[in-house]
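The sequence shown begins at 357 in the numbering used here and counts up by one. Encoded as structure tokens, the structure appears first; notes follow it.
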Amino acid sequence: AAARDCTRCDLCRTRRQVVFGEGSPTARLLILGEGPSETDDRSGSPFSGPSRRLLETWFTRLGLRRDEVWLTNVVRCRPAAPVNGRLKNRPPTDPEARACRAWLDTEIALLRPAVILALGGTAGKALLGKGFKISQERGRWQPGPHGAAILPTFHPAYLLRLEDDALARAEAIVEADLDLVKARLGVAP
Ligand code: URA
357 AAARDCTRCD LCRTRRQVVF GEGSPTARLL ILGEGPSETD DRSGSPFSGP
407 SRRLLETWFT RLGLRRDEVW LTNVVRCRPA APVNGRLKNR PPTDPEARAC
457 RAWLDTEIAL LRPAVILALG GTAGKALLGK GFKISQERGR WQPGPHGAAI
507 LPTFHPAYLL RLEDDALARA EAIVEADLDL VKARLGVAP
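Given below as structure tokens:
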């Protein structure tokens with residue numbers, strides 16, 4: 357209830373609604389994205405836009421259903437910037453991520469996931485510090501809060517921007533990362 361009316365940062369001025377994490381409260385896997393998109397801001401659910409279909413294929417590879425994992429974001433309100441008179445999605449700023457941190461910490465403390473899959477640079481920075489570099493640190497396990505193991509990987513939106521060989525290479529990398537997660541969760545690969 358407190359988060360629904362949150363005014364800790366200016367994203368509250370442009371959001372339609374606060375987009376909470378969703379999934380199973382007993383999930384062993386928490387997937388951490390960047391922030392709600394315009395579609396999510398309308399629907400009230402994280403990853404309800406174009407990344408959703410790709411994420412569904414990731415769940416299949418993990419041997420999990422969407423309702424068996426927990427999906428959430430570094431920030432709970434849509435970060436947007438005006439471009440040619442329209443609001444466009446953008447990554448959250450460091451102060452916005454810091455302002456939302458109490459909600460993320462509470463979420464992780466309540467869920468106590470075994471594994472956190474951090475999608476992209478914003479999620480990696482939020483959990484692993486400002487110096488985090490996705491190109492160097494993805495695919496490597498890191499200790500996380502409340503005994504969780506963090507694995508950073510590419511954000512699905514990044515893959516959706518790639519084509520041909522670059523896409524095939526990134527897909528193979530993500531598949532290897534997902535296999536690491538599956539093995540860690542103790543589900544036979
Ligand atoms: N939607 C989300 O909920 N998170 C992202 O990182 C991108 C789209």
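Heads up, the beta-carbon is just placed ideally off N, CA and C, and yes, glycines get one too.
Taking 7 Å as the cut-off, is the C-beta of HIS511 nearer than that to any heavy atom in the ligand URA?
It does: the Cβ of HIS511 is within 7 Å (strictly closer) of some heavy atom of the ligand URA.
Closest Cα partner of THR428 within the set GLY542, ILE464, ARG454, ARG517
For THR428, the closest of GLY542, ILE464, ARG454, ARG517 by C-alpha to C-alpha distance is ILE464.
Helix, strand or coil for ALA470 per DSSP?
In the structure shown, ALA470 adopts coil according to DSSP, grouped into three states.
How about PHE403: is its Cβ closer than 7 Å to a heavy atom in the ligand URA?
Within the cutoff, so yes.
Rounded C-alpha distance that separates ARG525 from GLU531
CA-CA distance, ARG525 to GLU531, rounds to 10 Å.
How is the beta strand (DSSP E) around ALA437 delimited, first residue to last?
It spans 436-439 - the beta strand (DSSP E) in which ALA437 sits, taken as one unbroken run.
How many Å lie between VAL375 and ALA470 at the Cα?
Rounded to whole angstroms, VAL375 to ALA470 spans 23 Å at the Cα level.
State the CB to CB distance for the pair PRO600 and GLU390, rounded to an integer number of angstroms; the pair is presumed to be in contact (CB under 8 Å).
The question about residue 600 has no answer here: the residues shown for the chain are numbered 357 through 545.
Would you report the Cα separation of TYR514 and ALA357, rounded to the nearest angstrom?
When only Cα atoms are considered, TYR514 and ALA357 end up about 33 Å apart.
Please state the DSSP three-state secondary structure of GLN373.
Of the three classes helix, strand and coil, the one that applies to GLN373 here is coil, per DSSP.
Excluding the 5 residues flanking TRP414 on each side, which residues of the same chain have their C-beta closer than 8 Å to its C-beta?
The answer, listed in chain order, is PRO512, VAL530, LEU534.
Near the ligand URA: PRO435 beta-carbon under 7 Å from a heavy atom:
The ligand URA never approaches PRO435 closely enough for any of its heavy atoms to be under 7 Å from the residue's Cβ.
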